[in-house]
Amino acid sequence: MKNLVNFKTLVLAFGLFSGLAAAQKITANNVKTTVAGTSTLHAWTMTSTTGSFSGNVSGNTIQDVNYKLVSKTLKSGKGPMDSNAYKAVQADKFPNITFTATSVNMGKGTMTGKLTVTNVTKTISVPVNVTKSGDTYTVWGQASIKMTDYGVTPPAFMMNTVKTGNEITITVNAVAK
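Just so we're aligned, residue 1325 is where the sequence shown starts under our numbering, counting upward by one.
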């Protein structure tokens, strides 16, 4: 009888712990990313809606955050500008821009993780807002970085008469289920 009680306790404990350990996997394949900057001529933006985002929801936390963007999906609507941007980030050699983080909490806060552009990875902190509606999670974040910190020379045009500013702002909006 004692063995039966111990067995039932073990089964109950295993069931509780496995239920607590189970996390909801979320993904998004239509992540909107906007990169905005300045130049000596005008402000500019490039946008993509094909990035990907994934994570594991556990309670009020999304763990194992992964974001990926193929550089050449960013478009400005101006072909020559796009070509210069792809050349600057060496998109043929390093096609992806990625961000990974251990976790992010629901609500407004900061997510710290590793951003990789070209072959340079840096730890950055990103102000974020994470909301939940049903089984859908919206993760919005915005960070300003300097291109030169990632080995990117800001593009210049028209025999260096038009120069791109070094600082850019990256905005990411992922809606994941």
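We put the CB at the ideal spot given by N, CA and C, even for glycine.
* When burial is assigned at 16 or more other CB atoms within 10 Å of the CB, is Met1370 buried or exposed? -> Position 46 of the sequence shown holds residue 1370. Buried: at least 16 other Cβ atoms inside 10 Å.
* Tell me whether Pro1404 is buried or exposed, calling it buried when 16 or more other Cβ atoms sit within 10 Å of its Cβ. => Mapped onto the sequence shown, residue 1404 falls at position 80. It counts as exposed.
* To do: Return the chain-ordered list of same chain residues with a C-beta closer than 6 angstroms to the C-beta of Lys1356, the five sequence neighbours on each side being excluded.
  => By 1-based counting over the sequence shown, the position of residue 1356 is 32. Thr1373, Asn1497, listed in sequence order.
* In this structure, does DSSP put Asn1497 in helix, strand or coil? -> Within the sequence shown, residue 1497 is the residue found at index 173, counting from 1. Note: Asn1497 maps to strand in three-state DSSP.
* Asked: Is the segment 1458-1471 close to the segment 1393-1401, with three or more CB pairs under 8 angstroms?
  -> no
* Can we count Tyr1461 as close to the ligand ATP, meaning its CB is less than 7 angstroms from some heavy atom? -> With respect to the ligand ATP, the structure offers nothing, as it holds no ligand at all.
* Under the three-state DSSP convention, the category Ala1347 falls into -> In the sequence shown, the residue the question calls residue 1347 occupies position 23. Ala1347: coil per DSSP, three-state reduction.
* Asked: If you compare alpha carbons, which of Gly1379, Tyr1391, Ala1480 is closest to Lys1495?
  -> For the purposes of this step, residue 1495 is taken as residue 171 along the sequence shown, with counting starting at 1. Lys is not the amino acid found at residue 1495; the sequence shown has Thr there. The residue with the shortest Cα to Cα distance from Thr1495 is Tyr1391.
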